[in-house]
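J.:
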Amino acid sequence: AVMIELPVAWRQARVHNVFHVGLLKKYFAPTAEHSEARVRKAGPPPTGFTEGEPEFSVEKIVDHRDVTSVKKMSRKGKKASTSSKVITTVSREYLVKWLGYDDEEKWNT
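According to the numbering used here, the sequence shown is numbered sequentially starting from 2.
Here's what the structure looks like:
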């Protein structure tokens, strides 16, 4: 655990000042190179707008995969082993090449 000094307003709001070390990251001041990388990562603007929402265009669908997820649901007040219900869902994801994004492909449901 690490005890840190908090701003006065946070101390007055009774924010706890002890944190697990796994929750903390070292701060690095932004550089010009970092700012350029953020702009590159953001990518090009949307290809249009529909009802005020940004719209992006698919250049091509590169691949697809089926993803299975299993959830174990237990009923309140009963033993988990006798009253558990297993729910299995399968969803399909597509590897999409977006129009205007250079060599960037992303899995989408």
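Just so it is clear, CB atoms sit at the ideal spot from N, CA and C, and this is done for glycine as well.
With DSSP as the reference, label glycine 49 as helix, strand or coil.
T.: Here the question's residue 49 lines up with position 48 in the sequence shown. The answer is strand: DSSP assigns glycine 49 an E or B state.
J.: Assuming tryptophan 11 and valine 59 are in contact, meaning their beta carbons sit under 8 Å apart, how far apart are those beta carbons, in whole angstroms?
T.: As a working note, residue 11 is residue 10 in the sequence shown. As a working note, residue 59 is residue 58 in the sequence shown. Going by Cβ atoms, the distance from tryptophan 11 to valine 59 rounds to 45 Å, so no, they are not a contact pair.
J.: Please list, in chain order, all residues of the same chain as isoleucine 5 whose beta carbon is under 7 Å from its beta carbon, the five residues on each side excluded.
T.: Here residue 5 refers to the residue found at position 4 when the sequence shown is read from its first residue. The answer, listed in chain order, is Asn18 and Phe20.
J.: Buried or exposed: which applies to valine 97, given that a residue is buried once 16 or more other Cβ atoms fall within 10 Å of its Cβ?
T.: Sequence index remark: in the sequence shown, residue 97 carries index 96 (1-based). Valine 97 comes out buried.
J.: Leaving out the 5 sequence neighbours to the left and right, which residues in its chain are closer than 7 Å to aspartate 67 when beta-carbon positions are compared?
T.: Residue mapping note: residue 67 aligns to position 66 of the sequence shown, counting from 1. Same-chain partners within the cutoff: Val91 and Arg93.
J.: With DSSP collapsed to three states, give me the class of glutamate 6.
T.: Looking up residue 6 in the sequence shown gives position 5. Here glutamate 6 sits in coil by DSSP.
J.: Can the beta-carbon of proline 47 be found closer than 9 Å to that of glutamate 34?
T.: Taking the sequence shown and counting its residues from 1, the one referred to as residue 47 is at position 46. Taking the sequence shown and counting its residues from 1, the one referred to as residue 34 is at position 33. Cβ atoms of proline 47 and glutamate 34: not closer than 9 Å.
J.: How is leucine 25 classed by DSSP in three states: helix, strand or coil?
T.: If you number the sequence shown from 1, residue 25 lands on position 24. It is coil, neither helix nor strand.
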